[in-house]
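Novice: Quick one: structure below, then a few questions.
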Amino acid sequence: MKTSALIAWILCLSSNFSIASSKHPNVIVIMADDLGFGDLSCYGAQTFQTPHIDRLAAEGQMFTNGYCSASTCTPTRYSFLTGNYAFRTQGTGIAPPNGHLVIDQDIFTLPDLMKKAGYATGIVGKWHLGLGLKGQGPDWNGDLKPGPQEIGFDYNFLLPTTNDRVPQVYVEGHRVLNLDPSDPLWVGNKKPTPDHPTGISHRDSLKMDWSHGHNSTIHNGISRIGFYTGGHKARFRDEDLADKWVEKSNAFIEAHQHEPFFLFYASHDLHVPRIPHERFQGVTPHGFRADSIVQLDWTVGEIMKTLDRLKLREKTLVIFCSDNGPVMDDGYQDQALEKVGKHRAAGPFKGGKYSVYEGGTRTPFISYWKGTIPSGKSEEIVCTIDIATSLAQITGTSLPADAFKDSFDVSKCLLGTPDAKGRGHLIQQDNGGRGRFGFRQGDWKLTSHPNGSARNTVVEKQLENIKVPNFALYHLKNDPGEKINVIQKHPEVANKMKATLAKLVEAGRSRPQ
Ligand code: NG6
Ligand code: CA
Numbered sequence: 416m417k418t419s420a421l422i423a424w425i426l427c428l429s430s431n432f433s434i435a436s437s438k439h440p441n442v443i444v445i446m447a448d449d450l451g452f453g454d455l456s457c458y459g460a461q462t463f464q465t466p467h468i469d470r471l472a473a474e475g476q477m478f479t480n481g482y483c484s485a486s487t488c489t490p491t492r493y494s495f496l497t498g499n500y501a502f503r504t505q506g507t508g509i510a511p512p513n514g515h516l517v518i519d520q521d522i523f524t525l526p527d528l529m530k531k532a533g534y535a536t537g538i539v540g541k542w543h544l545g546l547g548l549k550g551q552g553p554d555w556n557g558d559l560k561p562g563p564q565e566i567g568f569d570y571n572f573l574l575p576t577t578n579d580r581v582p583q584v585y586v587e588g589h590r591v592l593n594l595d596p597s598d599p600l601w602v603g604n605k606k607p608t609p610d611h612p613t614g615i616s617h618r619d620s621l622k623m624d625w626s627h628g629h630n631s632t633i634h635n636g637i638s639r640i641g642f643y644t645g646g647h648k649a650r651f652r653d654e655d656l657a658d659k660w661v662e663k664s665n666a667f668i669e670a671h672q673h674e675p676f677f678l679f680y681a682s683h684d685l686h687v688p689r690i691p692h693e694r695f696q697g698v699t700p701h702g703f704r705a706d707s708i709v710q711l712d713w714t715v716g717e718i719m720k721t722l723d724r725l726k727l728r729e730k731t732l733v734i735f736c737s738d739n740g741p742v743m744d745d746g747y748q749d750q751a752l753e754k755v756g757k758h759r760a761a762g763p764f765k766g767g768k769y770s771v772y773e774g775g776t777r778t779p780f781i782s783y784w785k786g787t788i789p790s791g792k793s794e795e796i797v798c799t800i801d802i803a804t805s806l807a808q809i810t811g812t813s814l815p816a817d818a819f820k821d822s823f824d825v826s827k828c829l830l831g832t833p834d835a836k837g838r839g840h841l842i843q844q845d846n847g848g849r850g851r852f853g854f855r856q857g858d859w860k861l862t863s864h865p866n867g868s869a870r871n872t873v874v875e876k877q878l879e880n881i882k883v884p885n886f887a888l889y890h891l892k893n894d895p896g897e898k899i900n901v902i903q904k905h906p907e908v909a910n911k912m913k914a915t916l917a918k919l920v921e922a923g924r925s926r927p928q
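Per the working numbering, the very first residue in the sequence shown carries number 416; after that it's consecutive.
Here it is as structure tokens:
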């Protein structure tokens, strides 16, 4: 071979190589818990700073119309992992302590996709999608399956539900970590003995008092939802969760640094009970709620540091998002409401966690990949449910016909391609499939509250149920705060949207085949 031909051949090989590796970036999805649109300094928070997440936003694509699919945790996570709207499947509302796995093992999931694309797959952090079989639930002292490993994750290090629900133990693989067989773990929804200490009987001993619910078994001076006994050696301190997520995320990245990896880092910050590590307590003027945001930001910085150390920053796509909008008092007296000051956790939007108003699902959304994604702000509509199909596109992996039924390919938006288009419509749900929906189409937003009652989550007030019309229409461009119901003025728009919403719900899928 002539030298020039050889050089051409080598160039060709290396360009093929770079196409191949650019198709298989490592992927880290960082999902915050209860983080609102206005809760980061890059999204307008002024009284505290989130420099590590701000850097991702400044150097990557920062979305102003980024959503999670539900205003509570379990349905958003269900949709993120399955690509299907959670309201289509019964039993996907907020999972209880002894809940079974709500993702059907036969469904083709996002981790299945990533495995098919040749990735090592892992989840570190909050699960809250149940463990064990339907009708049985988790076997806390035995093998906790089915769970993440049965739906496509090679590795899991979990907080099984939420930290306000029992038990406070980690699950690694199929087992409760550090469980001493001579001190078995029991979890239930009734007092195990009449003298079992609870948040009611021992209220004076609590280090953080409850305000509603959360008054059952006490661990670490905090009473929780549900009862448990035993497993003392396995129990963790709330204060140490964030450090543990960093340790385990970094270990996963390190172990898979030479192959493509997919890491779902599901932080528990800033869900209640908000108990940041002592070194973050008091760093903001807003109490533990915002202190936990600063802690979350620190964890992001630590993971990015690991990417730098392993020279993986330019080989890794990072997507940052939240699982639902913000709430102030979510059951503990942690002063979130009293110390909110001028901070507006939902930014300019109405509602928050539990509601189908924008504040419930419009949340921070950032895509970052150094050297590949240009810096910019995008107004396109993207949602956590779209990550599945978008990653199929980015990794060049084909999908089974019935997979990811509501997940749209927004990969071009995530990658910052000029003129890329996001979704044309999005159904926003709350905690169930009871017909309470937000339906966004372009600049229009229809809300549906069949029983005339909505959850009000405005940041200045306690949670309450308010009376609302069965249907309302808002024009988000003119009225981002959903203050002026224009349904009387534009009945034709509302009727068309009602019909489209009903059709998309009925059809069982919204992404055309
Ligand atoms: C609610 C809890 C709330 C929180 C939520 C789930 C009470 C009174 N409220 O039932 O504190 O745990 O469930 O939050 O118990 S989520 O972010 O996981 O969806
Ligand atoms: Ca949540």
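Quick reminder that beta carbons are idealized off the backbone N, C-alpha and C, glycines included.
(1) When every heavy atom of ligand 1 is checked, does at least one fall within less than 7 Å of the C-beta of His543?
(2) Pick from Phe676, Val920, Glu587, Leu841: whose alpha carbon is nearest that of Ala649?
(3) What is the DSSP secondary structure of Cys828, counted as helix, strand or coil?
(4) Rounded to whole angstroms, what's the CA-CA distance from Ser868 to Tyr570? Just pull it up for me.
(5) Does DSSP classify Ile796 as helix, strand or coil?
(6) Using 8 Å as the cut-off, can you tell me whether the region 523-542 makes contact with the region 658-666, which would need three or more C-beta pairs spanning the two stretches below that distance?
(7) Give the residues whose C-beta lies closer than 6 Å to at least one heavy atom of ligand 2, in chain order.
(8) For the candidate residues Val797, Asp619, Ala816, whose alpha-carbon lies nearest to that of Phe823?
(9) I'd like to know if Leu594 contacts chain C, where contact means its C-beta is closer than 8 Å to some C-beta of that chain.
(10) Can you check the region 643-707 for any beta strand (DSSP E) of at least 3 residues that lies completely inside it and give the ranges in chain order?
(11) Mark Glu773 as exposed unless 16 or more other C-beta atoms lie within 10 angstroms of its C-beta, in which case mark it buried.
(12) For Lys768, which option in Gly756, Asp817, Leu450 has the closest C-alpha, if you only look at C-alpha atoms?
(13) Whose C-alpha, out of Thr524, Lys898, Ile842, Ile899, is nearest the C-alpha of Lys918?
(14) Taking C-beta to C-beta, are Asp845 and Ser486 nearer than 8 Å?
(15) So Val442 is in the beta strand (DSSP E); what residue range does that whole segment cover?
(16) Could you check which residue in Gln464, Glu795, Thr872, His864 has the C-alpha nearest to that of Ile708?
(17) Check this for me: beta carbons of Val742 and Leu656, under 8 Å apart or not?
(18) Who does Cys736 pair with in a DSSP beta bridge?
(19) Return yes when the C-beta of Gly746 is under 7 Å from any heavy atom of ligand 1, and no when it is not.
(20) Please report the straight-line C-alpha distance between Arg924 and Leu916, rounded to a whole angstrom.
(21) Quick one: what's got a C-beta closer than 6 Å to Gly786's C-beta in the same chain, skipping five residues either side?
(22) Helix, strand or coil, according to DSSP, for Ile422 in the structure here?
(23) Identify whether Asn431 lies in helix, strand or coil by the three-state DSSP scheme.
(24) Alpha carbon to alpha carbon, how far is Asn604 from Pro511? Give it in angstroms, no decimals.
(25) Let me know if Pro688 comes out buried or exposed under the rule of 16 or more other beta-carbons within 10 Å of its beta-carbon.
(26) At the level of alpha carbons, what is the spacing between Pro607 and Tyr493?
(27) Taking only runs that begin and end inside the region 519-593, name each unbroken beta strand (DSSP E) of 3 or more residues, in chain order.
(28) Is the region 693-705 close to the region 747-756, with three or more CB pairs under 8 Å?
(29) Applying the criterion that 16 or more other CB atoms from any shown protein chain within 10 Å of the CB defines a buried residue, is Pro927 buried or exposed?
(30) Taking all protein chains shown into account, decide if Lys417 is buried (16 or more other Cβ within 10 angstroms of its Cβ) or exposed.
(31) As a quick exercise: from Asn866, Gly839, His840, pick the residue whose alpha carbon is nearest that of Gly850.
(32) In the structure shown, what three-state DSSP assignment does Lys417 receive?
(33) For Asn499, name the three-state secondary structure that DSSP assigns.
(34) Could you spell out where the beta strand (DSSP E) holding Ala887 opens and where it closes?
(35) Assign Leu919 to one of three DSSP states: helix, strand, or coil.
(36) Using the DSSP secondary-structure output, state which residues sit across from Lys860 in a beta bridge.
Specialist: Walking through what the data contain:
(1) yes
(2) Glu587
(3) helix
(4) 42 Å
(5) strand
(6) yes
(7) Asp448, Asp449, Cys488, His686, Asp738, Asn739
(8) Val797
(9) Any reference to chain C falls outside this structure, which holds one protein chain only.
(10) 676-681
(11) buried
(12) Leu450
(13) Ile842
(14) yes
(15) 441-447
(16) Gln464
(17) no
(18) Met446
(19) yes
(20) 11 Å
(21) Glu729
(22) Its pLDDT being 47, under 50, Ile422 is placed unreliably in this model, and the value from its coordinates should be taken loosely. Ile422: helix per DSSP, three-state reduction.
(23) The predicted model places Asn431 with a pLDDT of 37, which falls under 50 and marks its position as unreliable, so this point remains unresolved.
(24) 9 Å
(25) buried
(26) 32 Å
(27) 535-541, 570-574
(28) yes
(29) exposed
(30) Any reading at Lys417 is ruled out, since the residue's pLDDT is 45, under 50, leaving its predicted position unreliable.
(31) Asn866
(32) With a pLDDT of 45 at Lys417, under the threshold of 50, the modelled position of this residue cannot be trusted; read the value that follows with caution. It is coil, neither helix nor strand.
(33) coil
(34) 886-890
(35) helix
(36) Arg855, Tyr889
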